[in-house]
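A short write-up of the structure that comes next.
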Amino acid sequence: MAGFRPRVPAPTDIAMIAHPSVTLLFDLSDGADLAHDAGGRYGRGSVAVGLLPGDFRASGQVGEVLQIRLEPVAAAALLGEQANLRGEAVSLQDVWGRDAAQAEERLRAAGSWDERFAAARNILLRRMTGPTRLDTRPPVDREVAHAWRRTLGSRGRVRVGSLADEVGWSRKRLSARFRSQLGIAPKRAARLVRFDHAAHLLAAGRTAVGVATESGYADQPHLHREIREFTGLTPAAVATAPWLAIDDVAWPASPPPTSKPQRH
21 MAGFRPRVPA PTDIAMIAHP SVTLLFDLSD GADLAHDAGG RYGRGSVAVG
71 LLPGDFRASG QVGEVLQIRL EPVAAAALLG EQANLRGEAV SLQDVWGRDA
121 AQAEERLRAA GSWDERFAAA RNILLRRMTG PTRLDTRPPV DREVAHAWRR
171 TLGSRGRVRV GSLADEVGWS RKRLSARFRS QLGIAPKRAA RLVRFDHAAH
221 LLAAGRTAVG VATESGYADQ PHLHREIREF TGLTPAAVAT APWLAIDDVA
271 WPASPPPTSK PQRH
């Protein structure tokens, strides 16, 4: 989780770097001031962002914002059928209904970021275990959960065929179930995880040639092509991307001038 507070009341325009998680953004301003654009689809207020949202940007006269990243398997348990966002950005109200407004009010009323983080944990736990739990939703197969976590643990360097052998499924069945439940094909998930590892190394100050070697890319041009596809940016631009500022590994030397992040 991370909290953002504007340093000065000025318009904000920031691009979200692709990350192997489902992201919740709670707009805690007085009104629905957080504007978001995902591939030309516009919205305002709190939003749930699926894997690989494309060119996702947050902008507007933004007040305080709480960001929560969810492992896709955990997001399926928390969001039910809405977890499979397939790279889309969906209003949190469309996902949670009236519970979204109640969550915003509770988070907005908290006296500090620590209190907000604690409140957010309780909100998520209640969604997963309380009466609002969506018991009719299809669970994520254990095989799919295993394949995702192996992909994450290997930093995207495990082959789909190997994953299929590990879970005792055919490659075709694993790919179909993985895509239907997590909204992304396993091969593309591996590319996303590998890109995320490379982006963090770049943000930590590593050279592009060193990052390409350590992350398993064929060469530096291969790294450049992947970064361009996932972000439309150069490796140098990714290294200083403000959205990475919420990560311990990728904390920049100087925080973005328009926001003051608090992490948890």
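In my numbering, the protein residues as written are 21 to 284. Just so it is clear, CB atoms sit at the ideal spot from N, CA and C, and this is done for glycine as well.
> If we call anything under 7 Å between Cβ atoms a contact, is residue 17 one with residue 67?
Replying inline: The structure shown does not extend to residue 17, since the chain is modelled only from 21 through 284, so no value can be given for it.
> For residue 239 versus residue 39, is the C-beta spacing smaller than 7 Å?
Replying inline: no
>> Please classify residue 70 as buried or exposed, where buried requires at least 16 neighbouring CB atoms within 10 angstroms.
In response: buried
>> Starting from residue 149, trace the alpha helix (DSSP H) in both directions and tell me its first and last residue.
In response: 133 to 149
> If you run the structure through DSSP and keep just helix, strand and coil, what is residue 154?
Replying inline: Unreliable placement is indicated for residue 154, whose pLDDT of 48 sits below 50; the coordinate value is still reported in the next sentence. If DSSP states are grouped into helix, strand and coil, residue 154 belongs with coil.
> Going straight from the alpha carbon of residue 208 to that of residue 167, what length do you get?
Replying inline: 13 Å
> Whose CA, out of 142, 236, 201, lies closest to the CA of residue 95?
Replying inline: 201
> If residue 176 sits next to residue 213, beta carbons under 8 Å apart, how far is it from one beta carbon to the other, in whole angstroms?
Replying inline: 4 Å
>> Is it buried or exposed, residue 114, if we count other Cβ atoms within 10 angstroms and call 16 or more buried?
In response: exposed
> Contact between the segment 57 to 67 and the segment 75 to 83: three or more CB pairs below 8 Å?
Replying inline: yes
>> Between the alpha carbons of residue 138 and residue 126, how many angstroms are there, rounded?
In response: 11 Å
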